[in-house]
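These notes are about the structure you will find just below.
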Amino acid sequence: MTTGLDLDLDYAQEIGALKKQLNAVILAHYYQESEIQDVADFIGDSLQLSQQAAKTNAEVIVFAGVHFMAEVAKILNPGKQVLLPDLKAGCSLAEGCPADLFALFKKKYPNHIVISYINCSAAVKALSDIICTSSNAEKIIRQIPAEQGIIFAPDQNLGRFLIRKTGREMVLWPGSCQVHAIFSEKKIMQLKVQHPGALVLAHPECEESILKMADHIGSTTSILKFAVSSPAKEFIIATEPGIIHQMEKEAPGKVFIPAPPDSNCACNECPHMKLNTMEKLYEAMKNRTPEIIIEEALRFRALQPIERMLAMS
Ligand code: 13P
Ligand code: SF4
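0 is the number of the first residue of the sequence shown in numbering that gives the first Met the number 0; add one for each residue after it.
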């Protein structure tokens, strides 16, 4: 149970001690707040985090990310405890694709296979043939025979990007990410005028109008690597700004400008990712709750398409 912020507690130190005590590993996504990234054992994109979860020897996996990511770790590790600091840390893509409606959608295309983006529930994974992430989707689609019909769910922006890249027609579930769908083309244009040397780096969950302006499109890890290795000095970052923490650490001296949303809100920050805090992370480890529980039959069905992804990556 969360008891409120204790100003006398050194959360980083306490979390480090609990990590040893529990034989735990902390896996964090780039969209987590900076303090959480700094106590993590591993920070990565969705594919890297699932690869780490698949190979860890730790007894407890503490997932600093959103629900579907922790769920994948549990699907891969049924015998381990998987903790998520806030069980309400969801994802608009996963929530926008309920399994019952997706099953009806799938029935309309009985000869198609289903490739689902990892940002979906275990129940949707169980209805899928192969899972993918933004870093391996193109590679996976290119391995499917040309005559085979494909349903791609749940992100239509990523789906359209992949259709353009591979030339493969796919049936798309009409979902989108609430964070990546709201970047303002006009404000990015204005930033480019103010910073003529700046490159635009975008996640493929962004709308097509934003991707058209991008100098580089890729997963969070791909965007980070590009920013570090590029000779350019200024970058406009069209993804969740949490990633800028690692960019500033790995490329000090370069300037990273978060792409602004359409309105004057802070809605380029993922409200789900930001539900996790240092305090909740500490409480979760101390009390060994909340944990991810999945019914075994569902876990087993969701495991097959994840294993196919890991083999095809
Ligand atoms: P990555 O796999 O690129 O880290 O993306 C995860 C995500 O949720 C993007 O919004
Ligand atoms: Fe989901 Fe979008 Fe948040 Fe990523 S940024 S976890 S896709 S809501």
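Cβ atoms here follow ideal geometry from the backbone N, Cα and C, with glycine treated the same way.
* To do: Could you tell me if Leu26 is buried or exposed, where buried requires 16 or more neighbouring beta carbons within 10 angstroms of its beta carbon?
  => buried
* Kindly indicate which three-state DSSP category Ile35 falls into: helix, strand or coil? => helix
* Collapsed DSSP secondary structure at Gly158 in the structure displayed -> Here DSSP, grouped into helix, strand and coil, assigns Gly158 to helix.
* To do: Would you list, in sequence order, the uninterrupted beta strand (DSSP E) runs of no fewer than 3 residues that lie entirely inside the region 8-56?
  => 23-28, 41-43
* Asked: What does DSSP give as the partner residues of Pro260 in its beta bridges?
  -> Phe182
* To do: With a threshold of 7 Å, establish whether the CB of Ser317 neighbours any heavy atom of the ligand 13P.
  => For residue 317 there is no data in the structure shown, the boundaries of the chain being 0 and 312.
* Sheet register partners of Leu103 (DSSP bridge) -> Looking at the DSSP assignment, Leu103 forms no beta bridge with any residue, so it has no partner.
* Asked: Taking the alpha-carbon positions, what's the Val254 to Lys232 distance?
  -> Spanning the two alpha carbons is a distance of roughly 6 Å.
* So, Leu6 versus Glu278, is the Cβ gap smaller than 8 Å? -> No, the Cβ-Cβ distance between Leu6 and Glu278 is not below 8 Å.
* To do: Could I get the ranges of all uninterrupted alpha helix (DSSP H) runs contained in the region 187-265, with 4 residues as the minimum, in chain order?
  => 207-212, 219-228, 243-249
* Helix or strand or just coil, what does DSSP make of Tyr108? -> Here Tyr108 sits in coil by DSSP.
* Asked: Can you find a heavy atom of the ligand SF4 that lies under 7 Å from the Cβ of Gln245?
  -> no
* Can Ala237 and Ala201 be called in contact, C-beta distance under 8 Å? -> yes
* Determine, using beta-carbon pairs with one atom in the region 17-36 and one in the region 266-280, whether at least three such pairs fall under 8 Å. => yes
* To do: For Gly241, count neighbouring C-beta atoms within 10 Å of its own C-beta (all shown protein chains included) and say buried if the count is 16 or more, exposed if not.
  => buried
* Roughly how many angstroms separate the alpha carbons of Leu171 and Ala72, rounded to a whole number? -> 26 Å
* **Rounded straight-line distance, which links the Cα of Asp128 to that of Val113** => 5 Å
* **Host alpha helix (DSSP H) of Val71 (start-end)** => 66-75
* Flag Arg163 as yes when its Cβ comes closer than 7 Å to any non-hydrogen atom of the ligand HEM, and as no otherwise. => The ligand content of the structure shown is limited to the ligand 13P and the ligand SF4, which means the ligand HEM is not among them.
* Asked: Thinking C-beta only, is Ala93 closer than 8 Å to Asn118?
  -> yes
* Write down the C-beta distance between Ala197 and Leu190 rounded to the nearest angstrom, noting that I regard them as a contact closer than 8 Å. => Right, their Cβ atoms sit about 7 Å apart.
* Just grab the DSSP bridge partners of Gln147 for me. => DSSP output for Gln147 lists no bridge partner at all.
* Confirm the yes/no value for this check: CB of Leu210, any heavy atom of the ligand SF4, distance under 7 Å. => When distances are taken from the beta-carbon of Leu210 to the heavy atoms of the ligand SF4, even the shortest one reaches 7 Å or more.
* To do: Check Ile114 in the structure and name its three-state DSSP category.
  => strand
* **Beta-carbon contacts of Leu229 that lie in its chain and below 7 Å, excluding the five residues immediately before and after** => It should be noted that the sequence gives Ser, not Leu, for residue 229. Counting only Cβ-Cβ distances below 7 Å, and skipping sequence neighbours, we find Leu198.
* Helix, strand or coil for Leu280 per DSSP? -> helix
* Asked: If we cut at 8 Å on Cβ distances, does Gly64 have a partner in chain C?
  -> Any reference to chain C falls outside this structure, which holds one protein chain only.
* From Leu302 to Leu75, what does the alpha carbon distance come to, in whole angstroms? -> 7 Å
* **Burial state of Pro257 (16 or more Cβ within 10 Å)** => buried
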